[in-house]
Ligand SMILES: Nc1ncnc2c1ncn2[C@@H]1O[C@H](COP(=O)(O)OP(=O)(O)OP(=O)(O)O)[C@@H](O)[C@H]1O
Ligand SMILES: [Mg+2]
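In this note's numbering, the protein residues as written are 7 to 237.
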């Protein structure tokens, strides 16, 4: 509330130090989610997309363990208490938006919260209102910190209390906005950026590193080869 009430489209960037904190973030986010919402999760293998979805599932109080839907493209978790279901999708193996359409997610969307791992670039067309979430590792392999950037799209999130998600987590808002926009101000930002990374400015400017990531994850067999069994 307050400072960000009138402009909830400001991306929030949160520092999530542990898996338990990621779970808490998911539970807290679930309290803001409602039927019809679409959440797209992006981030490298093992970033914590499923971990965040597990927290969302716990917060929504849905049935069944939320696990990585690697061998199932989409899994429906009905509510245990009359609320929206969680539809958990893994788009990792999908190579274009038409394949997403084959899942017919639109049929379930109005009664569910739909969370799509690897959804960026594939699932945006499902809804004009979305919550795009990017999970980044710290640059240090010994550091389990994740940086989570929440970027709301569309009118759905106007006036929502995304700002409150950051309570208890380190966060930057104005700086995240500057960084996402790739503004010059971001270049001098040293306290809101994961150590060892170019940060959001690189992502927004379409740096080769980011472009390579996007290309390789859509490379079909390459995507499958890069990922075998995982939790
Ligand atoms: N700060 C953290 N936030 C989230 N997960 C963390 C954190 N620290 C450690 N972990 C661990 O990292 C792993 C994240 O795995 P997860 O399956 O959620 O990744 P993913 O992004 O879904 O990967 P994939 O692309 O393979 O689906 C888990 O084992 C989790 O316990
Ligand atoms: Mg996963």
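C-beta: ideal position from N, C-alpha, C; glycine also.
Using the C-alpha atoms, what's the distance from residue j back to residue i?
i: residue 211; j: residue 87; result: Reliability fails at residue 211, whose pLDDT of 38 lies under 50, so the model's placement of it is uncertain and no value is given.
i: residue 21; j: residue 109; result: 33 angstroms
i: residue 64; j: residue 122; result: 17 angstroms
i: residue 116; j: residue 149; result: 39 angstroms
i: residue 48; j: residue 42; result: 20 angstroms
i: residue 127; j: residue 46; result: 10 angstroms
i: residue 71; j: residue 144; result: 28 angstroms
i: residue 95; j: residue 102; result: 14 angstroms
i: residue 131; j: residue 120; result: 13 angstroms
i: residue 133; j: residue 51; result: 25 angstroms
i: residue 173; j: residue 69; result: 28 angstroms
i: residue 165; j: residue 33; result: 20 angstroms
i: residue 93; j: residue 29; result: 18 angstroms
Among the options, which has the Cα closest to the Cα of residue i?
i: residue 57; options: 66, 73 and 165; result: 73
i: residue 84; options: 106, 102 and 118; result: 118
i: residue 161; options: 174, 136, 167 and 170; result: 136
i: residue 89; options: 37, 173 and 111; result: 37
Note down, in chain order, each residue of its chain lying with its Cβ closer than 6 angstroms to the Cβ of residue i, except the 5 sequence neighbours on either side.
i: residue 24; result: none
i: residue 26; result: none
My assumption, with CB atoms under 8 angstroms, is that residue i sits in contact with residue j. Please give the rounded CB distance.
i: residue 61; j: residue 141; result: About 12 angstroms; that fails the 8 angstroms criterion.
Within the same chain, show all residues whose beta-carbon is closer than 8 angstroms to that of residue i, passing over the 5 residues directly before and after it, in chain order.
i: residue 113; result: none
i: residue 31; result: 20, 22, 58, 61, 154, 171 and 175
In its own chain, which residues sit with a C-beta less than 7 angstroms from the C-beta of residue i, not counting the 5 before and 5 after it?
i: residue 100; result: 106 and 128
Review point. Under a criterion of Cβ closer than 7 angstroms to any non-hydrogen atom of ligand 2, which residues qualify, in chain order?
Key: Selection output, chain order preserved: 55, 56, 74, 96 and 123.
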